[in-house]
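K.L.:
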Amino acid sequence: NDGYSDADEEACGTNTLDADSIPADFDQDGICDAIDDEISDVDVRDTEPVTGFDRARQKVPGFTSIIASLALLGAALAGRRKDD
């Protein structure tokens, strides 16, 4: 016996006859992930790998420097036209 009912194990896709086969329960609330509707976004967000993209602010890294470079290029071209 692994502490889960046979009905729960069948719903969660684990082997009812194997005591080592237990359902995944990420938030450890006693309800397996396959049937748990209350896995919070905070739990999932904390496990996401760190990348260069900031999900909280939805900003692309380096975007500000690209805009600044384009502005400087535009200013240089505008200044060059006045000299001609």
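For the sequence shown, this note's numbering assigns the number 218 to the initial residue and increments by one for each residue that follows. Note that the Cβ used here is the ideal one computed from N, Cα and C, for glycine as well.
Please classify A236: does DSSP put it in a helix, a strand, or coil?
P.N.:
For this step, residue 236 is matched to residue 19 along the sequence shown. Here A236 sits in coil by DSSP.
K.L.:
Using the C-alpha atoms, what's the distance from I239 back to Q245?
P.N.:
Taking the sequence shown and counting its residues from 1, one reaches residue 245 at position 28. Taking the sequence shown and counting its residues from 1, one reaches residue 239 at position 22. So the two alpha carbons sit approximately 12 Å from each other.
K.L.:
In angstroms, rounded to a whole number, what distance separates the CA positions of G296 and A288?
P.N.:
In the sequence shown, residue 296 corresponds to position 79, counting from 1. In the sequence shown, residue 288 corresponds to position 71, counting from 1. The straight-line gap from Cα to Cα measures roughly 12 Å.
K.L.:
Note down, in chain order, each residue of its chain lying with its Cβ closer than 8 Å to the Cβ of N232, except the 5 sequence neighbours on either side.
P.N.:
Locating residue 232 in the sequence shown gives position 15, counting from the first residue. E226, S238.
K.L.:
So, at 8 Å on beta carbons, what are the nonlocal neighbours of I248 in its own chain, with the 5 sequence-adjacent residues on each side left out?
P.N.:
Position 31 of the sequence shown holds residue 248. So the list reads D242, E255, once near-sequence residues are dropped.
K.L.:
Kindly indicate the opening and closing residues of the alpha helix (DSSP H) around E227.
P.N.:
Position 10 of the sequence shown, counted from the first residue, corresponds to residue 227. That run of the alpha helix (DSSP H) goes 223-229.
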